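The sequence shown: position 145 = 144 (numbering that gives the first Met the number 0), numbered continuously. Input: a single structure, listed below in structure tokens.
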Amino acid sequence: MGEARGEWRVANRVGERKASGMTEQDLAGKRALVTGGASGIGLACAREFARRGAFVIVADLNEDAATAVAAEVAGEPWVVDLSQTADLDDLMLDVDILVNNAGIQRVSSIPDFDPETFRLLLRLMLESPFLLIRAALPAMYDRGWGRIINISSAHGLRASSFKSAYVSAKHGLEGLSKVTALEGAPHGVTSNCINPAYVRTPLVEKQITDQAAVHGIPEEEVVERIMLTETAIKRLIEPDEVASLAGWLASSHAGMVTGASYTMDGGWTAR
């Protein structure tokens, strides 16, 4: 497990990047930090930003996975436990794009919810994004350009039973993103949320057993009866669909988009 350093500066090594498979270079010269970047949505974002020419810092708790993904995208790993938020208090980041994606899920009724687990989810998914934004803004302000992309959730806009910590953290992230948008606007910094429904990721797959237990149904019925019940389009979202939206939000074409929450939920929040 790595520790957050007091300063994180990464040389631009775009010229070293592999050329195969890259058709756009609209993020060339930019540095992107993706948390939870070794799997799921974070992995898809790391690949998307690298494809578009950015140098990607892959932040993850899993050292082997972070190192492997960083090698794949010609970036750099940052092995860090973002739930240890005290280690982030004095952090300074020199990045152009910050993707707050790291997260976990716990499914339990409120009376049975472990208080320390509740605090863990809030540290990881609300306090650490605040501290990373706080660390990134000074350099973004100096350059007059920056992109904060917060991977929120449909649960940042809607609630579900048995997810008190996750829903609380995501609702808080929505507010943090909007405040960041207002403060960052005079400095050329945008801040937006992406709000997907259930995405085909390890985080979602790990929920199936817990969802089956709290709802009293077989595991094989969880996706259809729980995860897709609110959506009009009856399928899981693919990680690269979320990453494509993140890539656009990071581009110059989204310079007037800030303080927004982009739903990608198959019609869930249309109800």
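Ideal placement from N, C-alpha and C gives every residue a C-beta, glycine not left out. A quick note: this is a predicted structure, and the numbers were derived from the prediction, not measured.
By Cβ distance below 6 Å, which residues in the same chain neighbour residue i in space, the five residues on each side in sequence not counted?
i: K169; result: S151, S152, H154 and G155
i: S38; result: P201
i: A138; result: D93
i: G171; result: L125
i: E223; result: none
i: E229; result: W267
Is residue i buried or exposed, if buried means 16 or more other CB atoms sit within 10 Å of its CB?
i: A85; result: exposed
i: S251; result: exposed
i: G266; result: exposed
i: D89; result: exposed
i: E218; result: exposed
i: E47; result: buried
Going by DSSP, name the residue or residues bridged to residue i.
i: W77; result: A58
i: L97; result: L32 and I147
i: P195; result: M263
i: I236; result: V198
i: T271; result: Since the first and last residues shown for the chain are 0 and 270, residue 271 lies out of range.
Going by Cα to Cα distance, which pick from the options is closest to residue i?
i: Y165; options: V203, A134 and W144; result: V203
i: E240; options: K29, I225, R30 and L42; result: L42
i: D63; options: Q24, A249, V79 and G28; result: V79
i: A249; options: S190, M263 and I132; result: S190
i: P110; options: A134, G143, R157 and S163; result: S163
i: G145; options: H186, V57 and F117; result: H186
i: A134; options: A69, L87 and E173; result: L87
i: S82; options: D95, M124 and A31; result: M124
i: A231; options: G171, Y197 and R30; result: Y197
i: S176; options: F161, N194, S160 and S159; result: N194
i: M279; options: V178, V106, L136 and S159; result: Because the chain here runs from 0 to 270, residue 279 falls outside it and cannot be looked at.
i: R272; options: C192, P238, V178 and S159; result: Outside the displayed range of the chain (0 to 270) lies residue 272, so it cannot be described from this structure.
CB-CB under 7 Å to residue i, same chain, minus the five flanking residues each way: which ones, in chain order?
i: G35; result: G41, D59, N100, A101 and G102
i: V221; result: I207, Q210 and A211
i: T22; result: Per-residue confidence for T22 stands at a pLDDT of 47, beneath the threshold of 50, marking its modelled position as unreliable; the derived number appears in the next sentence. Closer than 7 Å at Cβ, skipping near neighbours: no residue.
Subject >> contact_flag[the stretch 126-142, the stretch 89-109] where n(CB pairs < 8 Å) is 3 or more >> reply: yes
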